[in-house]
Ligand code: MN
Ligand code: MN
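Numbering (the numbering used here), first residue to last: 1061 to 1425.
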């Protein structure tokens, strides 16, 4: 069995958990190597302290599970089977008493929870999420290599985006060109809906790209990520189309200063809070504190948002092997929106920056 499953089993033993019933695609993938989006159908991995784990999936996916490398029991069900009965039997075949079941409370829905409670009426339910987040937070060399590839494609996407900024082009025109270029390179999935925002639209941290035309003197904000082998990258660059005014320039320089300082502050042993506050203080001292309304960043991996959460109150100690984003922003309504985001990997020496597109203000002519 793989190391990840062993770590989960050790945690189950320590905490007296007989069954972990994992149902999110991301965690099933992390533990089993099999990824699927089963939509409304049941996908689950049942893990026990000692007994063989089993994976339950739609019958039509059994072949894919085998080719993914999962070599333990697979329970495939048809659309007319009741998968819950199969789950019940398979668990009872392994263990006689189920006192505590770990589930993903944030992921499981009420309907499934009710089914599980009726199958195991005397069991207590506890959360597996915190443990799974901690396991996933530290990346191994193989994961890092994949994320680096995803980051290189994100850099390429920004490069394409910059070359597509031209008179008369809309946000969506540029967005389409970026994604088209990525698809030609074999990319099948983005980490989230690509953002190309210009002018006043960029002053909303989560704006929606539309038919606004990019105009000379505007800042253009790209926020995008590429998925490679299930792992996400996430980059933001803000560039100028033609000459911008002093206020826009001042905002850009402030964000960049904060971003660089937070990268510099990133190393094992410091808290997430200290890193967030490093950027936040610089932005506040420049008078823009109220215009930086979100956390500094977030962990990155199979999910585009995972642990660690880089907030000004998170006392979590940064460790070697973590991957997270550093993405301060300043959004002044009606004036400008600037965000600069890199993905970093923590080594003994500090942060290795994985996204490499230049950060000195790019002026597109
Ligand atoms: Mn982003
Ligand atoms: Mn991000």
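We treat Cβ as the ideally placed atom computed from N, Cα and C, and that holds for glycine.
| Item | Value |
| --- | --- |
| Between residue 1415 and ligand 1, is there a pair consisting of the residue's CB and a ligand heavy atom that are separated by less than 6 Å? | no |
| Looking at the secondary structure, which residues open and close the beta strand (DSSP E) in which residue 1255 lies? | 1255-1258 |
| Could you give the residue range of the beta strand (DSSP E) that holds residue 1081? | 1079-1082 |
| If you check the beta carbons only, do residue 1084 and residue 1164 fall under 7 Å apart? | yes |
| Which residues in the same chain have their Cβ closer than 7 Å to the Cβ of residue 1339, if we skip the five residues on either side of it in sequence? | 1318, 1319, 1321, 1322, 1356 and 1388 |
| What is the DSSP secondary structure of residue 1389, reduced to helix, strand or coil? | strand |
| Going by beta carbon distance, what residues of the same chain come within less than 7 Å of residue 1291, once the five residues before and after it are set aside? | 1203, 1206, 1207, 1210, 1361 and 1362 |
| Can you give the beta carbon distance from residue 1162 to residue 1186, rounded, assuming they're within the 8 Å contact cut? | 5 Å |
| For residue 1326, count neighbouring Cβ atoms within 10 angstroms of its own Cβ and tell me buried if that reaches 16, exposed if not. | buried |
| Identify which residue in 1122, 1198, 1412 and 1255 has its Cα closest to the Cα of residue 1272. | 1255 |
| With a threshold of 6 Å, establish whether the CB of residue 1366 neighbours any heavy atom of ligand 2. | no |
| Could you check where the alpha helix (DSSP H) with residue 1118 kicks off and where it finishes? | Note, residue 1118: premise wrong, no alpha helix (DSSP H); beta strand (DSSP E) at 1114-1118. |
| Under the rule that 16 or more other beta-carbon atoms within 10 Å means buried, what is residue 1199, buried or exposed? | buried |
| Just to confirm the assignment, what range does the alpha helix (DSSP H) spanning residue 1203 have? | 1201-1223 |
| Going by beta carbon distance, what residues of the same chain come within less than 7 Å of residue 1183, once the five residues before and after it are set aside? | 1158, 1159, 1160 and 1161 |
| For residue 1153, count the other beta carbons within 10 Å of its own beta carbon; 16 or more makes it buried, fewer makes it exposed. Which is it? | exposed |
| If you pair each beta-carbon of the segment 1096-1104 with each one of the segment 1113-1127, do three or more pairs fall below 8 Å? | yes |
| Please enumerate, following chain order, all residues with a beta carbon closer than 7 Å to at least one heavy atom belonging to ligand 1. | 1283, 1285, 1294, 1295, 1296, 1385, 1387 and 1401 |
| Taking the alpha carbon of residue 1172 as the point to measure from, which residue in 1328, 1221 and 1082 has its own alpha carbon closest? | 1082 |
| Per DSSP, what kind of secondary structure is residue 1425 in: helix, strand or coil? | coil |
| To the nearest angstrom, how far is it from the Cα of residue 1269 to the Cα of residue 1380? | 36 Å |
| How far does the alpha helix (DSSP H) with residue 1104 in it extend, from its first residue to its last? | Counting along the chain, residue 1104 falls outside any alpha helix (DSSP H), though it belongs to the beta strand (DSSP E) covering 1104-1108. |
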